[in-house]
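Colleague: Order-wise, the sequence lines are chains A and B.
Residue numbering for the first sequence follows our numbering, beginning at 1 and increasing consecutively.
Residue numbering for the second sequence follows our numbering, beginning at 1001 and increasing consecutively.
Even for Gly, the Cβ is constructed at its ideal location relative to N, Cα and C.
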Amino acid sequence: MADTERYWNPVLETLPAARLRELQFRKFKRIVSWAYERSPFYRSVYDESGFRPDMLQTFADIPRVPKVEKSMLRGAQEDKEPHPYGDLLAVPAERVTAFRQTSGTTGRPVYQGDTWQDWDWWAEAWSYLLYAQGYRSADRVFLPFGYNIFVAFWAAHYAAEKMGCEVVPGGVLGTEARIEKMREIEATAFLATPTYVLGMANAARKMGLDLRKDLSIRRITCAGEPGASIPATKKRMEEAFGADVYDHCGATEIGAWGFECDAKPGGIHVNEGMFLAEVEDLKTGEIVQEPGRRGRLVITALDRVGMPCVRFDSKDVVQWADEPCECGRTFRVFQGGVLGRADDIVKVKGVLLAPSAIEEIVRSFDELSEEYQVTVAKRGDLDEISLKVEPAPDFAQRAAEVAEEREQVIERLAHELRVKTNLGYKIQMVAPESLPRYALKAKRFHDRRKEMAS
Amino acid sequence: MTPSPEREGWTDEYLEELDAHVRALRREALELRRCAQGMQAFTRNTERILASVRMLELNLSDLLGRPVTLASWEEGSNSE
């Protein structure tokens, strides 16, 4: 395959590592100066810590640049002019052509003001990822998301257009109408959160459709949740639609920084031509270079001008892969994608637990539906984990008749969980479809210990 | 410029040739914006062209080490 057929930009995507670092450092210095000179927020953060852009002499100086995090971004917008972007804005307010905001799951939303150039940049980053996942101009791409104030798949829409695909906006339709439309027009690809992909599969089943035969979907790109990098969840989605499922990582404040390629390396490439990814040890904060050691991702968007994102503590937990990807890209890979959130990893009974580990185990059981709910609570002084699961539609009827089969599944599940997470669980199989369903960001893990203590 | 089909890899000479075209595009767009004297139909469309030119710079010119401004709408960068 010629490299122009494989890569969106063969020059950058196969650049030798040394030259890539050189490029990243040059671009990093430029964005740091830009942020310092034009954003009151960055100037104040850097001045307060005694940092000046001219202190950046070599790549090793990068950690000298103060990190920023979401709570700081919120603070820089509250009651600050120009409303609502405040001190984060690095361009005159009249340069802003697009408003988006974060979901506000962890507090007051961050308002994102982007210039037209920034939206071109969003689409460019998405073009790298869609091309890497096999999207081509012959694709008819369906976008089943609410076109609203959240970034979601807006940039996918613009990128697919830029690439010459045919884009179908599935905005205000309900799930069944979206499935019908995808069937009617023979859409070849769509993009959604893993939760929604599985929700669509369930809805289609109820409509009496066989997605593998009745639809023409060949590839699905997921974002918003880590599911497409969790093997059991990916497998469920791929089997339901008979399509390739790919992961993508990004965030409103950062941009579309990572993507799984069609070689499916079991992880995601960082787009190192447009982003600088640093991994910090979870405890010591030292920069992690070696593969297989987990750390939190600190990331810089190297070309974003309206509201720069420099050394942003994403709180995503990642680890470098030890092997280069067979696709030939020199952009490095995070093994397993985003493994969790630094603030999601909790200590239960003295053991570190990542909620994604529970998902991987639950969804590896064909007898169970994809929904589950975990609650950590205190019983006296002891932590107790309750896990509610649902039977899958095929298993539900059998389990209702033969209680023994249900018990066997619960027993196997408890065993798997104990082996893989080193913890014991109080498991309950609840009625089919009784657990909450989510359209956007799912909240399946609840830690009630703090509220019980207060 | 006629790219040679026998060329091996993306040589710096070849990339420099491509970049010369990118710089010419930027120069021409900036000049058009200046000549339009605030006529919105030209100013706004030229701004969009300049943003696209910035994407070409991001994909190529930044690599070549010549100073390139981050803001597509500003003068005095890769156009000289």
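Starting from Lys235(A) and walking both ways along the beta strand (DSSP E), at which residues does that stretch end?
Modeller: Premise fails: Lys235(A) lies in the alpha helix (DSSP H), Pro231 to Phe241, not in any beta strand (DSSP E).
Colleague: I'd like to know whether the C-beta of Leu23(A) is nearer than 7 Å to at least one C-beta of chain B.
Modeller: yes
Colleague: Please report how far the alpha carbon of Pro231(A) lies from the alpha carbon of Val65(A), in whole angstroms.
Modeller: 36 Å
Colleague: Kindly indicate the opening and closing residues of the beta strand (DSSP E) around Met429(A).
Modeller: Lys426 to Met429
Colleague: Which of the three DSSP states, helix, strand or coil, is assigned to Leu59(A)?
Modeller: Leu is not the amino acid found at residue 59(A); the sequence shown has Phe there. Collapsing the DSSP output to three states places Phe59(A) in a helix.
Colleague: Quick check: is the beta carbon of Gln101(A) nearer than 7 Å to any beta carbon in chain B?
Modeller: no
Colleague: Whole angstroms is fine: what's the gap from Gly75(A)'s alpha carbon to Arg218(A)'s?
Modeller: 44 Å
Colleague: Work out the CA separation of Thr102(A) and Gly227(A) for me, nearest whole Å.
Modeller: 20 Å
Colleague: Short of 8 Å in beta carbon distance, which residues of its chain neighbour Leu1025(B), apart from the five on each side in sequence? Order them along the chain.
Modeller: Ile1049, Val1053 and Leu1056
Colleague: Assuming the contact rule is C-beta atoms closer than 8 Å, Ser49(A) and Leu89(A) should be a hit. Round their C-beta distance to whole Å, please.
Modeller: Contact flag wrong, Cβ pair sits at about 21 Å.
Colleague: With a Cβ-Cβ cutoff of 7 Å, do Asp455(A) and Lys315(A) count as a contact?
Modeller: Since the first residue of chain A shown is 1 and the last is 454, residue 455(A) is not available in this structure.
Colleague: Against Pro10(A), what residues of chain B qualify as contacts under a CB-to-CB distance less than 8 Å, listed in chain order?
Modeller: Trp1010
Colleague: Quick one: does Ser1004(B) have its CB under 7 Å from some CB of chain A?
Modeller: Residue placement at Ser1004(B) is poorly supported in this model, since its pLDDT is 49, which falls under 50; the coordinates are not used for a value here.
Colleague: With DSSP as the reference, label Arg294(A) as helix, strand or coil.
Modeller: coil
Colleague: Please report the straight-line C-alpha distance between Glu278(A) and Leu297(A), rounded to a whole angstrom.
Modeller: 6 Å
Colleague: Please report how far the alpha carbon of Glu13(A) lies from the alpha carbon of Glu390(A), in whole angstroms.
Modeller: The straight-line gap from Cα to Cα measures roughly 44 Å.
Colleague: Give me the Cβ distance between Ala301(A) and Ile268(A), rounded to the nearest whole Å; I'm assuming they're in contact under 8 Å.
Modeller: Actually they do not touch by this definition, with Cβ atoms about 16 Å apart.
Colleague: Measuring only between beta-carbons, confirm whether Ala1071(B) sits less than 7 Å from chain A.
Modeller: yes
Colleague: For Thr58(A), does the count of other Cβ atoms within 10 angstroms reach 16, so buried, or fall short, so exposed?
Modeller: Classification of Thr58(A): exposed, given that the 10 Å Cβ count is below 16.
Colleague: Pop quiz: Pro291(A) and Asp322(A) are said to be a contact at Cβ under 8 Å. What is the actual Cβ separation, rounded to whole angstroms?
Modeller: 4 Å
Colleague: Between Ser369(A) and Glu161(A), what straight-line distance do the alpha-carbon atoms span, to the nearest angstrom?
Modeller: 36 Å
Colleague: Let me know the secondary structure DSSP gives Cys1035(B) once reduced to three states.
Modeller: In the three-state reduction of the DSSP assignment, Cys1035(B) falls in the helix class.
Colleague: Write down every uninterrupted run of the alpha helix (DSSP H) in the region 177-234 of chain A whose length is 4 residues or greater and which is fully enclosed by it, in chain order.
Modeller: 194-206 and 211-214
Colleague: At a Cβ cut of 7 Å, what residues of the region 1034-1060 of chain B count as close to chain A, listed as they run along the chain?
Modeller: Glu1047, Arg1048, Ala1051, Ser1052, Arg1054, Met1055, Leu1058, Asn1059 and Leu1060
Colleague: Take Arg236(A) and list the residues in its own chain whose beta-carbon comes closer than 7 Å to its own, dropping the five residues that flank it on each side.
Modeller: Leu198, Arg363 and Glu370
Colleague: Quick one: Cα of Pro1005(B) to Cα of Glu5(A), how far?
Modeller: Low local confidence applies: a pLDDT of 44 at Pro1005(B) is under 50, so the model's placement there is unreliable, and no value is given.
Colleague: Who are the neighbours of Val305(A) on chain B, taking C-beta pairs under 7 Å?
Modeller: Leu1070 and Ala1071
Colleague: Output, in sequence order along the chain, the residues in the region 1012-1030 of chain B whose CB is closer than 8 Å to any CB in chain A.
Modeller: Leu1015
Colleague: Using CA coordinates, which residue listed in Gln373(A), Arg95(A) and Asp381(A) is at the minimum distance from Phe445(A)?
Modeller: Gln373(A)
Colleague: Comparing the C-beta of Glu1074(B) with each C-beta of chain A, is any distance below 7 Å?
Modeller: no
Colleague: Which residues in chain A have a C-beta closer than 9 Å to the C-beta of Leu968(B)? List them in chain order.
Modeller: The displayed coordinates of chain B run from 1001 to 1080. Any statement about residue 968(B) would go beyond what the structure contains.
Colleague: Pairing CB atoms from the region 76-95 of chain A with CB atoms from the region 110-121 of chain A, are three or more of them under 8 Å?
Modeller: yes
Colleague: Flag Asp120(A) as yes if its beta-carbon sits less than 7 Å from any beta-carbon of chain B, otherwise no.
Modeller: yes
Colleague: If we count the other Cβ atoms within 10 Å of its Cβ and call it buried at 16 or more, is Val402(A) buried or exposed?
Modeller: So Val402(A) ends up on the exposed side.
Colleague: Which word fits Gln470(A), buried or exposed, when buried means at least 16 other C-beta atoms lie within 10 angstroms of its C-beta?
Modeller: There is simply no residue 470(A) to check, as chain A begins at 1 and stops at 454 in what is shown.
Colleague: Using the three-state DSSP reduction, which class does Phe51(A) fall into: helix, strand or coil?
Modeller: coil
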